[in-house]
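Undergrad:
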């Protein structure tokens, strides 16, 4: 099972927010196997035994899915004695489960194809019942390319998947870059006399291809446009990669995060169409502090004249005083790919700009020193696809890194940012867990995480407690 440090914050935006303090205490631990062979369960750290989980509150069961395609079911009816009660592989030895969610009497599991550039599936299971040897597979539903996340509406009659459309080889061994999309599955009752128990519709992003330059100017990231010398023409819709979804209050709209693109799409669920695409802009690290190096000898949170794409991994909708808000956890992501015998990466460390002599004359001497120093910005990962100088072609005068290392609140109508936690996540991490600051479980040393991941905010939760809205996340 992967190890994380969970931090819970009580955050509210100005005029709606009060500060408070909550404490999380562990009450029990259960270890889940990453695989089962000939009836024997095997356990190991760092192999993705529990990549995603979901909670069946009616039966008090937790379901997890791991990288080896193993679903584990944990009984937490007695929270002090959580117990693993069932393990079951995905069908046909598939090892490509990406997400799962309980709704009503069923469990939905999203699953990619065995080869990346083919359509994925959603599996619908009957829930685990004590005394049964396996959960019954009810439906195997084809959706878009590389479904990465799924979400049911409250009545369990509709399910939405985010299909990232990641590039890779297809069934013929050819490299492809499929389009990202959103699949909308509607389920029908027997009383509706439908010819099929479900229908699938697809919300495509092709409508934005003819206006790609406009959306790039607005800040939507379109980094990879093909390998150098390749005649294949790529479209924006092939690079828009839906990652995570949340619904508005009446579940008529879906807000879809596209992490690599630093954007959010609004999808009309009734028409299965994308209303609009919004850039999330950039964060100014001159106004917030960050620990930019894993070679600076400890916790060094400083301001720097650089920027970062927010690039949230997770998004949740909430309402406060009748105002629709979106909560994001701003993790960060880089664009890399390997295909046709070639490799593409947008990443340069700070020192690379100095080594390649591509700093524009307008870059200050202090900034040049910082970029060349591994204890300052030399180790930090930046994009080499943005920040080009308009006066000095081929040179850089502005520097962008990845992830806001924060949580943000956005206006759900305009997608304008209302509030950002700034450097509070990193500061509180340093305050409460200094021995774990920017560390990885594989190492006994702190402050040695890869230099852009650092304090990754990678999940959100929203709940109501004593009349207050509590927003939390995993770091």
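Numbering (mature numbering (1 follows the signal peptide of the UniProt record, and there is no 0)), first residue to last: -20 to -1, 1 to 455. In this text, a Cβ means the ideal position worked out from N, Cα and C, and glycines have one as well.
Beta-carbon within less than 7 Å of residue 362's beta-carbon, same chain only, minus the 5 sequence neighbours each way: which residues are those?
TA: As a first step, residue 362 must be located in the chain shown, where it is residue number 382. The answer, listed in chain order, is 328, 330, 379, 380, 381.
Undergrad: Hey, which unbroken runs of the beta strand (DSSP E) at 3 residues or more fall wholly within the segment 234 to 292?
TA: Runs found: 243 to 248, 253 to 259, 262 to 264, 287 to 289.
Undergrad: Is residue 316 closer than 8 Å to residue 290 when the C-beta atoms are compared?
TA: Looking up residue 290 in the chain shown gives position 310. Looking up residue 316 in the chain shown gives position 336. Not in contact: residue 290 and residue 316 (Cβ atoms no closer than 8 Å).
Undergrad: How many Å lie between residue 21 and residue 256 at the Cα?
TA: Translated into the one-based positions of the chain shown, residue 21 becomes position 41. Translated into the one-based positions of the chain shown, residue 256 becomes position 276. Roughly 47 Å between the two C-alpha positions.
Undergrad: Could I get the ranges of all uninterrupted alpha helix (DSSP H) runs contained in the segment 306 to 348, with 4 residues as the minimum, in chain order?
TA: Those alpha helix (DSSP H) runs which fall completely within the segment 306 to 348 and span 4+ residues are 330 to 335.
Undergrad: Quick one: any contact between the segment 70 to 84 and the segment 21 to 30, if contact means 3 or more CB pairs under 8 Å?
TA: With a cut-off of 8 Å, the segment 21 to 30 and the segment 70 to 84 do not count as touching, because too few Cβ pairs lie within range.
Undergrad: Would you give the residue range spanned by the alpha helix (DSSP H) that residue 195 belongs to?
TA: By 1-based counting over the chain shown, the position of residue 195 is 215. First-last of the alpha helix (DSSP H) with residue 195: 192 to 198.
Undergrad: What beta strand (DSSP E) runs, 3 residues minimum, are completely inside the segment 82 to 136?
TA: The segment 82 to 136 contains these whole beta strand (DSSP E) runs: 86 to 91, 99 to 106, 117 to 125, 127 to 132.
Undergrad: Please classify residue 212 as buried or exposed, where buried requires at least 16 neighbouring CB atoms within 10 angstroms.
TA: Residue 212 sits at position 232 when you count from the first residue of the chain shown. The residue is exposed, with fewer than 16 neighbouring Cβ atoms inside 10 Å.
Undergrad: Pick out whichever of 38, 269, 96 has its Cα sitting closest to the Cα of residue 145.
TA: As a working mapping, residue 145 is identified with position 165 in the chain shown. It is 96 whose Cα lies nearest to the Cα of residue 145.
Undergrad: Starting from residue 299, trace the beta strand (DSSP E) both ways and give me its first and last residue.
TA: For this step, residue 299 is matched to residue 319 along the chain shown. Run containing residue 299: 294 to 300, per the beta strand (DSSP E) assignment.
Undergrad: Out of 138, 292, 148, 310, state which residue places its alpha-carbon closest to the alpha-carbon of residue 232.
TA: On the chain shown, position 252 is the one that residue 232 refers to. Among 138, 292, 148, 310, the Cα nearest to that of residue 232 is on 138.
Undergrad: Which parts of the segment 148 to 176 are runs of the beta strand (DSSP E), unbroken and 3 residues or longer, counting only runs that do not cross its ends?
TA: Listed in chain order, the complete beta strand (DSSP E) runs (minimum 3 residues) inside the segment 148 to 176 are 161 to 167.
Undergrad: Which residues share a DSSP beta bridge with residue 50?
TA: The sequence position of residue 50 within the chain shown is 70, counting from 1. In the DSSP output, where bridge partners are listed per residue, residue 50 has 69.
Undergrad: Out of curiosity, what's the CA-to-CA distance linking residue 239 and residue 222?
TA: As a position in the chain shown, residue 239 is number 259, starting the count at 1. As a position in the chain shown, residue 222 is number 242, starting the count at 1. Those two C-alpha atoms are separated by around 7 Å.
Undergrad: Using the rule of at least 16 other Cβ atoms within 10 Å of the residue's Cβ for burial, across every protein chain shown, is residue 292 buried or exposed?
TA: In the chain shown, residue 292 corresponds to position 312, counting from 1. Buried is the call here.
Undergrad: Nearest to residue 372 by CA position, among 353, 343, 263, 236, is which residue?
TA: Residue 372 sits at position 392 when you count from the first residue of the chain shown. Residue 343 is the option with its Cα nearest to residue 372.
Undergrad: In its own chain, which residues sit with a C-beta less than 7 Å from the C-beta of residue 126, not counting the 5 before and 5 after it?
TA: Within the chain shown, the letter at position 146 stands for residue 126. These residues qualify, in order along the chain: 92, 96, 100, 143, 144, 145, 146.
Undergrad: Residue 400 lies in the beta strand (DSSP E); which residues open and close that run?
TA: By 1-based counting over the chain shown, the position of residue 400 is 420. It spans 397 to 400 - the beta strand (DSSP E) in which residue 400 sits, taken as one unbroken run.
Undergrad: By DSSP, does residue 408 sit in helix, in strand, or in coil?
TA: As a working mapping, residue 408 is identified with position 428 in the chain shown. Residue state, collapsed to three classes: helix.
Undergrad: Report back the beta-carbon spacing between residue 141 and residue 217 to the nearest angstrom; my notes put them in contact at under 8 Å.
TA: Here the question's residue 141 lines up with position 161 in the chain shown. Here the question's residue 217 lines up with position 237 in the chain shown. With a Cβ gap of about 17 Å, residue 141 and residue 217 do not count as contacting.
Undergrad: Using CA atoms only, rank isn't needed, just tell me which of 156, 130, 191 is closest to residue 163.
TA: As a first step, residue 163 is located in the chain shown; it is residue number 183 there, counting from the start. Residue 130 is the option with its Cα nearest to residue 163.
Undergrad: What are the partner residues of residue 390, as DSSP defines its beta bridges?
TA: Residue numbering aside, residue 390 sits at position 410 when the chain shown is read from its first letter. Note: residue 390 sits in a beta bridge opposite 306, 397.
Undergrad: Could you give the distance in angstroms between the alpha-carbon of residue 206 and the alpha-carbon of residue 215?
TA: Translated into positions along the chain shown, residue 206 becomes position 226. Translated into positions along the chain shown, residue 215 becomes position 235. For residue 206 and residue 215, the distance between alpha carbons rounds to 10 Å.
Undergrad: Is residue -16 helix, strand or coil when you go by DSSP?
TA: In the chain shown, residue -16 corresponds to position 5, counting from 1. Because residue -16 carries a pLDDT of 29, less than 50, the predicted location of this residue cannot be relied on, and the following value inherits that uncertainty. Coil.
Undergrad: Touching or not, the segment 56 to 63 and the segment 78 to 86, by the rule of three or more beta carbon pairs under 8 Å?
TA: Too few Cβ pairs lie closer than 8 Å, so no.
Undergrad: To the nearest angstrom, how far is the alpha carbon of residue 359 from that of residue 366?
TA: Here residue 359 is taken as the residue at index 379 of the chain shown, counted from 1. Here residue 366 is taken as the residue at index 386 of the chain shown, counted from 1. Going from the Cα of residue 359 to the Cα of residue 366 covers about 18 Å.
Undergrad: Return the first residue and the last residue of the beta strand (DSSP E) that residue 419 is part of.
TA: As a position in the chain shown, residue 419 is number 439, starting the count at 1. No beta strand (DSSP E) contains residue 419, which DSSP labels as neither H nor E.
Undergrad: Considering residue 469, what are the terminal residues of the alpha helix (DSSP H) in which it resides?
TA: In the structure displayed, the chain extends from -20 to 455; residue 469 sits before or after that span and is not available.
Undergrad: What's the gap between the Cα of residue 148 and the Cα of residue 322?
TA: Taking the chain shown and counting its residues from 1, the one referred to as residue 148 is at position 168. Taking the chain shown and counting its residues from 1, the one referred to as residue 322 is at position 342. About 12 Å.
Undergrad: Can at least three beta-carbon pairs, one atom from the segment 151 to 169 and one from the segment 108 to 124, be found at a separation below 8 Å?
TA: They touch, by the three-pair rule.
Undergrad: How would you write the range of the beta strand (DSSP E) that residue 139 sits in, first residue to last?
TA: Numbered from 1 along the chain shown, position 159 holds the residue referred to as residue 139. Element bounds for residue 139: 138 to 143.
Undergrad: For residue 107 and residue 173, I'd like the C-alpha separation in whole angstroms.
TA: What you label residue 107 is simply residue 127 of the chain shown in a count that begins at 1. What you label residue 173 is simply residue 193 of the chain shown in a count that begins at 1. If I take the Cα positions, the gap works out to 25 Å.
Undergrad: Helix, strand or coil: which one does DSSP assign to residue 37?
TA: The residue you call residue 37 lines up with position 57 of the chain shown. Note: residue 37 maps to coil in three-state DSSP.
Undergrad: Three or more C-beta pairs closer than 8 Å, one from the segment 242 to 262 and one from the segment 187 to 198: is that the case here?
TA: Result yes; three or more Cβ-Cβ pairs closer than 8 Å.
Undergrad: Whole-angstrom Cβ separation of residue 67 and residue 13, contact assumed at under 8 Å?
TA: Walking along the chain shown from the start, residue 67 turns up at place 87. Walking along the chain shown from the start, residue 13 turns up at place 33. Residue 67 to residue 13, Cβ: 6 Å. Contact.
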